[in-house]
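Keeping their order, the protein sequence lines are chains A and B. Counting in my numbering, the first sequence runs from 53 upward without gaps. Counting in my numbering, the second sequence runs from 5 upward without gaps. Step one of this worksheet: look at the structure below.
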Amino acid sequence: MSSQRQASSAAQVPHLSPAELSYLYTSLALPQNPIRPDGRSPTQFRPLSAESNILPGTNGSARIGFADGTQAIVGVKAEVERTVLISDTLDVDQDAETVEGAEESASAATGGHGSWVQMSIEIPGFRDDDALPVFLAEMLRESLVGSVGGNEDNGERHMAGGLKGRLVINKRWHWRLYIDVLLLSQPLSYPLPLLSLTTHLALLSTKLPKLKSTGEEDPFFDDDWAAAEYLYPRSSTINSNPSQQVRPPVTLLVISVGENVIFDPSREEIAVADAVLAISFTRNSDSDTGTDEPLKLLLTQRGIANSETENGNGPDSAAAAEEETPGVWRPRRGGIKRSVLAEMMKTALKKGGVGEEVLAGLEGVEVA
Amino acid sequence: MNDRRRVNGPAEGTRRPVFACHVDTASAPTRPQRQREPKAFRKIALETGLTRSASGSSYIEVQPSPPPASYNSLIPHSSSLKLACSVHGPKPLPRSAAFSPNLVLTTHVKYATFATRKRRAHVRDASERDLGVHLETALRGAIIADRWPKSGIDVTVTILEAEDDRWWADAPDSHDASWGMMNVLAGCITAASAALADAHIDCLDLVTGGMAALVSDDENPDAPPKLVLDVDPSEHRSIVAACVVGYMPGRDEITQLWLKGDSSNAVLEDGDKRTVHEALIDGAVTAAKSVHAVLAEVVRESILAAGQ
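Right, here's the structure in full:
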């Protein structure tokens with residue numbers, strides 16, 4: 053098993069010489085205008101092809117393929133499940149029948165629970181309990197269930213409580229969501245952005261059957277699939293602002309090289325990065341249209357791809373001499389300054405920034 | 005993944021008996037309140053070199069907050085974080101492993117089965133693997149790995165008592181995310197750093213873990229959440245967002261950052277120009293700095309003791 057893992061992780065690390073890595077770092081670290089190996093601008097993404105609703109047996113599905121040949125498919129399945137209300141702790145309040153005790157358990161039933169969303173990621177060459185798939189699945193799931201969602205305004209129904217709240221049918225029943233992510237190709241670059249974008253698209257196209265029963269009855273659904281409702285409601289009126297709708301979060305990979313902030317890094321670029329940051333965000337549906345922060349941050353993790361930056365390529369020939377040798381790349385040591393961190397987040401989240409652009413682009417994918 | 009080769013105890017649902025000797029509302033337990041200032045910390049006890057067989061080891065314990073005055077339940081009112089860390093290595097890599105010019109770092113984080121109020125399984129689950137990856141990120145930035153080519157080092161953290169995710173009497177759904185894990189990670193980073201120093205592994209600085217969170221205690225859900233450092237999740241009605249950093253004070257650099265939660269509704273004090281997540285990160289860094297004082301003192305003591 054270990055040799056297999058070695059092979060697959062070795063496949064991720066580019067075989068570049070110290071001189072090549074040094075060249076790459078220098079060109080990416082050029083002040084103001086970095087030169088990327090594939091000629092993109094710092095905020096430009098690799099071209100991708102996307103389609104949704106491709107699997108008829110699921111509630112929602114999507115496929116995204118990057119130009120380098122990596123492809124992912126996501127299928128979303130929903131099941132109705134009975135909500136268990138038994139508290140596992142000794143609840144003295146319940147015996148005493150205080151008002152507070154009743155209130156607490158009621159709020160649990162209406163607020164939804166994070167464990168109702170299950171996520172599994174399959175990456176070729178990795179076991180299902182290897183660190184990478186588990187870590188990626190946790191990260192995507194955390195940001196999905198972490199969003200608190202929108203308020204109601206204009207009388208339009210919004211998703212109070214975010215995705216968790218949307219899964220509640222009534223006090224006794226809820227939906228359980230299974231999100232299965234399948235990476236079809238070898239992980240040529242760090243697969244996080246690909247998997248996150250595909251999951252976003254699949255959730256956008258997910259439909260749940262229309263509920264016919266009301267209140268606390270046992271749920272009973274309309275069997276007309278055409279009447280099904282979107283999991284993330286689409287705007288019913290034409291003039292309603294799309295920026296006020298709740299959308300599933302997107303996770304982007306951002307790297308910093310020198311003073312530059314670079315989006316959607318390729319494998320080679322990650323190998324020389326000073327810092328790698330994963331940022332999850334979604335539309336800030338609470339804010340009015342005029343605010344500075346159209347996006348809200350859900351989750352940030354630093355250094356997720358570090359195993360690729362420092363482990364694989366150890367071409368530090370100058371190990372004995374501690375000084376830097378020009379033209380020979382050495383793996384970077386240490387952490388990241390707070391100012392750089394703030395700059396990376398600002399570039400992703402600011403109004404008119406990369407994050408908004410990505411969300412708008414994904415919205416444009418035709419949902420059949 | 006299930007462990008099919010052993011007959012394990014039930015993965016969950018065993019708990020020691022607790023007798024409900026009081027059902028009158030007057031003596032029903034109330035939620036503990038945070039007695040400390042928002043920027044005050046719980047006391048920590050840190051010791052190195054307890055595990056003689058390991059090349060470096062450490063033990064960290066966080067003092068639990070004092071019980072409320074009228075607390076007479078048999079159930080412990082709050083948890084206190086206790087974890088032990090041991091470092092094995094540097095040792096040669098196994099023959100089958102590929103060549104590595106750097107020190108290969110592996111981290112294992114494991115909850116003891118009795119660490120939480122709900123029993124944990126023997127097999128490592130997703131959250132433990134997740135913690136392991138976070139810890140590895142935090143340490144990797146600090147270790148000078150190119151001084152040990154072809155070697156490996158194992159960092160093993162055993163959590164003897166974990167932080168609660170919520171107040172024990174709350175309904176299990178009320179605190180959804182596992183906020184206790186964030187405190188555990190901060191403790192893991194500090195303990196692992198002390199153990200690395202005890203094992204005499206060359207590092208750039210003593211990396212320390214710090215935690216800060218935005219909490220809302222008010223009955224009124226619209227009240228703005230407050231920023232507090234070193235949060236005990238059981239003391240707060242709800243946690244809006246939390247942040248853990250691995251921080252190197254000597255270089256003012258962050259090696260690991262984990263920021264979680266929806267902070268879009270939060271409002272900072274007047275005159276504060278920072279965004280909410282920047283304030284959170286700064287808070288966590290402040291927490292890490294204060295822990296660093298303890299860590300540095302402990303490491304200095306252990307070196308002096310070894311010299312005698």
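Here a beta-carbon is modelled for each residue, glycine too, at the ideal position from N, C-alpha and C.
At 7 Å on the CB atoms, spell out the chain B contacts of Met396 (chain A), in chain order.
As a working note, residue 396 (chain A) is residue 344 in the first sequence. Correct list: empty, because the minimum Cβ distance to chain B is about 11 Å.
Nearest-angstrom Cα separation, counted from Glu257 (chain B) out to Ile388 (chain A):
Residue mapping note: residue 388 (chain A) aligns to position 336 of the first sequence, counting from 1. Residue mapping note: residue 257 (chain B) aligns to position 253 of the second sequence, counting from 1. Using only the alpha carbons, I get a separation of about 5 Å.
Indicate whether Asp168 (chain B) and Ser77 (chain B) have their beta-carbon atoms separated by less than 8 Å.
Here residue 168 (chain B) refers to the residue found at position 164 when the second sequence is read from its first residue. Here residue 77 (chain B) refers to the residue found at position 73 when the second sequence is read from its first residue. Contact flag unset, no.
CA nearest to the CA of Lys402 (chain A), picked from A:Leu236, A:Gly386, A:Arg335:
As a first step, residue 402 (chain A) is located in the first sequence; it is residue number 350 there, counting from the start. Here the closest residue by C-alpha is A:Arg335.
Can Gly166 (chain A) and Lys216 (chain A) be called in contact, C-beta distance under 8 Å?
Here residue 166 (chain A) is taken as the residue at index 114 of the first sequence, counted from 1. Here residue 216 (chain A) is taken as the residue at index 164 of the first sequence, counted from 1. Yes; because the gap between Cβ atoms is below 8 Å, this pair is in contact.
So with Cβ pairs under 8 Å, would you call Glu190 (chain A) a contact of chain B?
On the first sequence, residue 190 (chain A) is found 138 positions in, with the first residue counted as 1. Yes - at least one Cβ of chain B is within 8 Å of the one on Glu190 (chain A).
Listed by chain order, chain B residues near Val186 (chain A) by CB distance under 7 Å:
Walking along the first sequence from the start, residue 186 (chain A) turns up at place 134. Per Cβ cutoff of 7 Å: Ala130, Arg133, Asp134.
I want to see whether chain A comes within less than 8 Å of Val137 (chain B), judged by CB atoms only; does it?
One-based indexing of the second sequence puts residue 137 (chain B) at position 133. So, interface residue.
Buried or exposed for Pro245 (chain A), going by 16 or more other Cβ atoms inside 10 Å?
As a working mapping, residue 245 (chain A) is identified with position 193 in the first sequence. Result: buried.
Have a look at A:Val380, A:Gly405, A:Gly386 and flag the residue whose alpha-carbon is nearest the alpha-carbon of Pro70 (chain A).
As a first step, residue 70 (chain A) is located in the first sequence; it is residue number 18 there, counting from the start. The candidate whose alpha carbon is nearest that of Pro70 (chain A) is A:Val380.
In chain order, what residues of the same chain have a beta carbon less than 7 Å from the beta carbon of Gly53 (chain B), not counting five sequence neighbours either side?
As a position in the second sequence, residue 53 (chain B) is number 49, starting the count at 1. Excluding residues within five positions, the ones whose Cβ falls inside 7 Å are Ser61, Asp202, Ser306.
Touch check for the region 229-245 of chain A and the region 119-134 of chain A: three-plus C-beta pairs under 8 Å?
yes
Rank A:Tyr282, A:Ile314, A:Asp180 by C-alpha distance to the C-alpha of Ala330 (chain A) and give the top, closest one.
Residue mapping note: residue 330 (chain A) aligns to position 278 of the first sequence, counting from 1. Closest option to Ala330 (chain A), Cα to Cα, is A:Ile314.
Consider the Cβ of Ala43 (chain B): report whether some Cβ of chain A lies at a distance smaller than 8 Å.
Indexing the second sequence from 1 puts residue 43 (chain B) at position 39. The question names Ala, but residue 43 (chain B) is Lys in the sequence shown. No, no contact with chain A.
For the region 186-195 of chain A against the region 118-131 of chain B, do three or more pairs of beta-carbon atoms, one drawn from each stretch, fall closer than 8 Å, so that the two count as touching?
yes
Does any residue of chain B bring its CB to less than 8 Å from the CB of Leu80 (chain A)?
Residue mapping note: residue 80 (chain A) aligns to position 28 of the first sequence, counting from 1. No, Leu80 (chain A) does not count as interfacial toward chain B.
Closer than 8 Å is the cut-off here; do at least three beta carbon pairs connect the region 145-162 of chain B with the region 88-100 of chain B?
yes
Would Gly191 (chain B) pass as a contact of Gly213 (chain B) if the rule is Cβ separation under 8 Å?
As a first step, residue 191 (chain B) must be located in the second sequence, where it is residue number 187. As a first step, residue 213 (chain B) must be located in the second sequence, where it is residue number 209. Yes, the pair counts as a contact, with Cβ atoms nearer than the cut-off.
Do you know offhand how far Thr95 (chain A)'s Cα is from Arg278 (chain B)'s?
Within the first sequence, residue 95 (chain A) is the residue found at index 43, counting from 1. Within the second sequence, residue 278 (chain B) is the residue found at index 274, counting from 1. Near 24 Å, if we compare the C-alpha coordinates of Arg278 (chain B) and Thr95 (chain A).
Assign Arg193 (chain A) to buried or exposed, taking buried as 16 or more other Cβ atoms, counted over all protein chains shown, within 10 Å of its Cβ.
Against the first sequence, residue 193 (chain A) aligns to sequence position 141. Answer is buried; the Cβ neighbour count reaches 16.
DSSP three-state label for Ala283 (chain B), please.
Reading the second sequence from its first residue, position 279 is the one you call residue 283 (chain B). Looking at Ala283 (chain B) - three-state DSSP - the assignment turns out to be helix.
Taking all protein chains shown into account, do 16 or more other C-beta atoms lie within 10 angstroms of the C-beta of Arg99 (chain B), making it buried, or fewer, making it exposed?
Residue 99 (chain B) sits at position 95 when you count from the first residue of the second sequence. Exposed, since its Cβ has fewer than 16 Cβ neighbours within 10 Å.
Opposing strand residues paired with Phe273 (chain A) [DSSP bridges]
One-based indexing of the first sequence puts residue 273 (chain A) at position 221. Beta-bridge pairing links Phe273 (chain A) to A:Leu263.
Determine, for His281 (chain B), whether the minimum Cβ-Cβ distance to residues of chain A falls below 8 Å.
Stepping through the second sequence from its first residue, residue 281 (chain B) is reached at position 277. By this cut-off, His281 (chain B) is an interface position.
Measuring CB to CB, does Val41 (chain A) end up less than 8 Å from Ala400 (chain A)?
In the structure as shown, chain A starts at 53 and stops at 420, and residue 41 (chain A) therefore has no counterpart that could be examined.
Are there 16 or more other CB atoms within 10 angstroms of the CB of Phe178 (chain A), so buried, or fewer, so exposed?
If you number the first sequence from 1, residue 178 (chain A) lands on position 126. It counts as buried.
Where Glu208 (chain A) falls: helix, strand or coil (DSSP):
Here the question's residue 208 (chain A) lines up with position 156 in the first sequence. Caution is warranted here: a pLDDT of 40 is assigned to Glu208 (chain A), below 50, making its placement in the model unreliable, and the coordinate value is therefore given only provisionally. Of the three classes helix, strand and coil, the one that applies to Glu208 (chain A) here is coil, per DSSP.
Three-state secondary structure (DSSP) of Glu103 (chain A)
Along the first sequence, one-based indexing puts residue 103 (chain A) at 51. In the structure shown, Glu103 (chain A) sits in a strand (DSSP, three-state: E or B).
Please report how far the alpha carbon of Arg304 (chain B) lies from the alpha carbon of Glu408 (chain A), in whole angstroms.
Start at 1 with the first residue of the second sequence, and residue 304 (chain B) comes out as number 300. Start at 1 with the first residue of the first sequence, and residue 408 (chain A) comes out as number 356. Near 50 Å, if we compare the C-alpha coordinates of Glu408 (chain A) and Arg304 (chain B).
What's the call for His126 (chain B), buried or exposed, on a 16-neighbour Cβ count within 10 Å?
Along the second sequence, one-based indexing puts residue 126 (chain B) at 122. The residue is exposed, with fewer than 16 neighbouring Cβ atoms inside 10 Å.
For a test of the three-state rule: what should DSSP assign to Phe187 (chain A), helix, strand or coil?
The sequence position of residue 187 (chain A) within the first sequence is 135, counting from 1. Phe187 (chain A) falls in the helix class under three-state DSSP.
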